[in-house]
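**Q**
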Amino acid sequence: MPLFLLVLLCATMLSSCATTDGAVTSEAVSAPAVHDNRARALYLYSRARLATHDGDYPAALNILRDALDLDPRSAFLHSAIAGIKLKIGQVQEALEYNDKAISLDPTFRDPYVMAGAVMASAGKDREAAEYLRKAVELDPDKDDAYLQLAISLTRLFEYEEAVNTLKRLVTLKSDSALGYYYLGRTYSQMKLYRDAVGYFKKTLELRPDFSQAAIDMAASFEALGDYPQAIEVYRGILDDNDNRADVLQRLIQLLIQQHRFQEALEYLNLALESGLGGQETMRKIGLIHLELEQYDDAVKVFSEMLAKDPAAHPIRLYLGMAYEQKGDLDRAFAEFEKIPHGSPAFIEAIGHIAFILREKGKTDQAVELLRGAIAANPAQIELYLNLAALYEAAEKPEAGLAALLEAEKRFAGEPRYHFRLGVLYDKLGRKSESIEQMKKVITLSPKDAQALNFLGYTYAEMGINLDEALQYVRQAVELHPNDGFILDSLGWVYYKLKKYDEAVRYLEEAMSLVDDDSTIAEHLGDAHLARRDFRKALQAYKKALENEPGKKELLEKIRRIKVEHGER
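Under this note's numbering, the first residue of the sequence shown carries the number 30, and numbering increases by one thereafter.
1) Evaluate residue 592 with the Cβ neighbour count: other Cβ atoms within 10 Å of its Cβ, from every protein chain shown; 16 or more gives buried, anything less gives exposed.
2) Sorted by chain position, which residues of the same chain lie with C-beta nearer than 6 Å to residue 501's C-beta, five sequence neighbours on each side aside?
3) According to DSSP, is residue 457 helix, strand or coil?
4) At a threshold of 8 Å, does residue 166 count as lining the ligand ATP (C-beta to nearest heavy atom)?
5) Can you find the residues in the same chain that come closer than 6 Å, C-beta to C-beta, to residue 164, ignoring five residues on each side of it along the sequence?
6) To the nearest angstrom, report how far apart residue 191 and residue 161 are at their CA atoms.
7) Relative to the alpha-carbon of residue 394, which residue among 403, 383 and 402 has its alpha-carbon at the smallest distance?
8) Could you tell me if residue 447 is buried or exposed, where buried requires 16 or more neighbouring beta carbons within 10 angstroms of its beta carbon?
9) Please list, in chain order, all residues of the same chain as residue 376 whose beta carbon is under 7 Å from its beta carbon, the five residues on each side excluded.
10) Ignore the nearest five residues each way along the sequence and tell me which others in residue 250's own chain have a CB closer than 7 Å to its CB.
11) In angstroms with no decimal places, state the Cα-to-Cα distance between residue 476 and residue 507.
12) I'd like the span of the alpha helix (DSSP H) that includes residue 119, first residue to last.
13) Check this for me: beta carbons of residue 235 and residue 269, under 9 Å apart or not?
14) Nearest to residue 150 by alpha carbon, out of 127, 135 and 181?
15) Using the three-state DSSP reduction, which class does residue 601 fall into: helix, strand or coil?
16) Tell whether a beta-carbon distance below 9 Å holds between residue 133 and residue 107.
17) Look up residue 494 in the DSSP assignment and say whether it is helix, strand or coil.
18) Report all residues from its chain with a CB closer than 7 Å to the CB of residue 206; omit the five preceding and five following residues, and keep chain order.
19) Relative to the alpha-carbon of residue 274, which residue among 553, 298 and 255 has its alpha-carbon at the smallest distance?
20) Between residue 265 and residue 147, what straight-line distance do the alpha-carbon atoms span, to the nearest angstrom?
21) Residue 195 and residue 167: beta carbons closer than 9 Å?
22) Measure how close the beta-carbons of residue 525 and residue 495 come, nearest whole angstrom, since I'm counting them as under 8 Å.
23) If we ignore side chains and look at the alpha-carbon of each, how far apart do residue 252 and residue 279 end up?
24) Starting from the C-beta of residue 287, find all residues in its chain whose C-beta is less than 7 Å away, skip the five residues before and the five after it, and write them out in chain order.
25) Can you give the Cα-Cα distance for residue 103 and residue 155, rounded to whole angstroms?
26) Relative to the alpha-carbon of residue 381, which residue among 305, 354, 372 and 537 has its alpha-carbon at the smallest distance?
27) Which of the three DSSP states is assigned to residue 139 in this structure?
28) Under the rule that 16 or more other beta-carbon atoms within 10 Å means buried, what is residue 25, buried or exposed?
29) Ignoring anything shorter than 4 residues or poking outside the region 469-551, list the alpha helix (DSSP H) runs there in chain order.
30) I'd like the ranges of any beta strand (DSSP E) spanning at least 3 consecutive residues and lying wholly in the region 319-345.
31) Compare the C-alpha of residue 291 against each of 188, 303, 369 and 315 and name the closest.
32) Starting from the Cα of residue 434, find the closest Cα among 306, 562, 417 and 517 and give me that residue.
33) Quick one: is residue 246 buried, meaning 16 or more other Cβ sit within 10 Å of its Cβ, or exposed?
34) Grab me the residues of residue 499's own chain with a C-beta within less than 6 Å of its C-beta, minus the 5 sequence neighbours each way, in chain order.
35) Which of the three DSSP states is assigned to residue 260 in this structure?
What follows is the structure, encoded as C-alpha cells:
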C-alpha cells in the first residue's frame, strides 16, 4: 500500500493526528505536509492499534516505542503508550507517559481523562476531580468524563457539584442510565430520598434490567418509611430473578418487621426450595409458625432441626415454647429441663419452667426455683423480671415490686428494669411513680415503642397532658405501624382530645388488626357514640361483649343505647 494512502487511513482511524508543532497528536493531519518521520510514526501507530485489537500488548508497545523514536514530541503517542501500560497493569509507568503527554500538549484532553480514572481507582478522588474537571473544561460536549468526575465528587462529599455534573451529563446524553442512577445515589447520600426515588425510576425506564437501581430505590422507600412500596419493589426484583439471595433475605426481614408473617413464610419456603436457606431459615419459619399460633407446624419444624443437631439448645427452647403455647405443659416442661446450665438458653428456660409450675398450682416451688437461680446467677436481669412477673401473675404486685427493688442498684439504668417497675407501680395505683419510671425508659431508650405507648395511654386514661400523650403515641405508631394495641392508644388519645373522627379512624384500624380485644372494641363504641352514630356504637359494644361476656359496664352501655335511642 502506498505510504500516502496509509497516512490517510491512519488519519481516519485516529480521529486526530498532529499538533501545531507538527507532532503526531489529536489534530487532523494534512498528508502532503507531514514529514516522512511523522508519516512513518503514524503508520506504526496503525499497526500498534491492530496489535492492541488482537490483544498482543507487548507487540503494540514495541511498535509504539519505535513510533515514538520517530516522533518523540507526540503527546498522542505518549498517551497511547500510557493506555497500553495501564491495560497490562504497569500503572506507574502509565502515569509517567500520561504526564509527559500533558506536558507536551496541555490542550490534549485524553490524558486528563485517563489520569482522572487512574486516580479515582486508587482512591485519590481529589486529584481525580482536578484532572476530570480539566477534561470537561477542554471539551464540555464530550460526555466521557462527567460520570467519573461526579463519582469522585460524591466520595468527597461535594454533593452540589456532583449533582450539577450529573445533570449536565444527562442533558448531553439523555439515555445515560448510569447518569440517572448516580443522581439517585447522590440524592440518597444527601438523604433526599424522594428525589432519589425519582431518578432511580428514570434509570429503570431506560434499563428495566438494572437490578441494583431497583434495590437502591427500595432502600430509599425504606428510608422514607414507605415499607409497602419497598416490599413491592423487592418483589418485582425477585419476579425477574428469584436467585437473588440478598434481595430475598431483605424482603423476608422487612415482611417480618412489618408483622406480615404469612407473606414472610411464603418467601422463607421459597428460599428453602431454591436452596438458599439453611438452619437460620428453618428457625425463622418455626418462629413465624409460633407467632401465627400454628403450634403443630412449629413443633414439626423445631423437632426436625433438633433431630439434626440435638445440642441446639435455643431450638429446644423454641420447641418447649411451642408445646407450652399449645397447652401441652408436660412436654414443654420436659424440653425446658433438657437445657443444661451454662447454655445461653438456660436462663430463659428457667423462666418458662417457673411459669409452668405456677400454672400447675405450684407457685411456691416456682418462686423457690427462681430465687435459687438468682442466687447462682445474680447478674441475670431476666431472672428478676421473671420473678416479678410471676408475682404479678399471681396477683401479688407488692411482692413483685419488692423483688425488683432488691436489685435496684444492680440494674439501675437498664430500660427493661425500669419498664417493669413502671408496670408494677401502675398496677398498685402509684401513677406518678409509674410515669417517672417510663420516662426513664424513654430517656435510656428513645425508640422503646412499648414505653412510649404506655406513657401516652396512661396520660390519656388520666385525662392529663394530652398533647404530650399524642406525641408519645405517634412516635410509637411510627415505630410499629401495624401494632393494633398501639393504634388503639392513638385512637383513645384522639377520643380524649374530642377529635372523634380521628379516633374512629385509628380505632377501626386497631380493630382490623386485633379483633378479639374487648377494650379496643369498647373504645371504638365510645368514639362512635361521641359522634352520635348509635348503630355503629351498639355493634362495637356487642363485639366487646363477645370477648368479655357479662361485663357490667358494657351491658349498661348497650342498655342505654337501646332504651334512649331505639337501636336494636
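All C-beta atoms, glycine included, are put in the ideal place defined by N, C-alpha and C.
**A** Considering the structure as presented:
1) exposed
2) If the five residues before and after residue 501 are omitted, its C-beta is found closer than 6 Å to the C-beta atoms of 481, 484 and 485, all from its own chain and listed in chain order.
3) coil
4) No copy of the ligand ATP occurs in the structure displayed, which carries no ligand at all.
5) 138, 141, 142 and 174
6) 12 Å
7) 383
8) buried
9) 406, 409, 411 and 412
10) In chain order, 226, 258, 259 and 262 place their CB closer than 7 Å to the CB of residue 250, counting only its own chain and leaving out the 5 sequence neighbours on each side.
11) Whole-angstrom Cα-Cα distance: 10 Å.
12) Residue 119 -> no alpha helix (DSSP H), and no H or E assigned at all.
13) no
14) 181
15) Lying before the first or after the last residue shown, residue 601 is absent from the chain, which here runs from 30 to 597.
16) In contact: residue 133 and residue 107 (Cβ atoms closer than 9 Å).
17) DSSP places residue 494 in the coil class of the three-state scheme, outside both helix and strand.
18) 232, 235, 236 and 239.
19) 298
20) So the alpha carbons of these two residues sit roughly 37 Å apart.
21) no
22) 6 Å
23) 14 Å
24) Closer than 7 Å at the Cβ level, and outside the excluded window around residue 287, lie 256 and 511.
25) 28 Å
26) 354
27) helix
28) For residue 25 there is no data in the structure shown, the boundaries of the chain being 30 and 597.
29) 478-491, 495-508, 513-525 and 529-542
30) Secondary structure within the region 319-345: not one fully enclosed beta strand (DSSP E) run of 3 or more consecutive residues is present.
31) 315
32) 417
33) buried
34) Same-chain partners within the cutoff: 522.
35) helix
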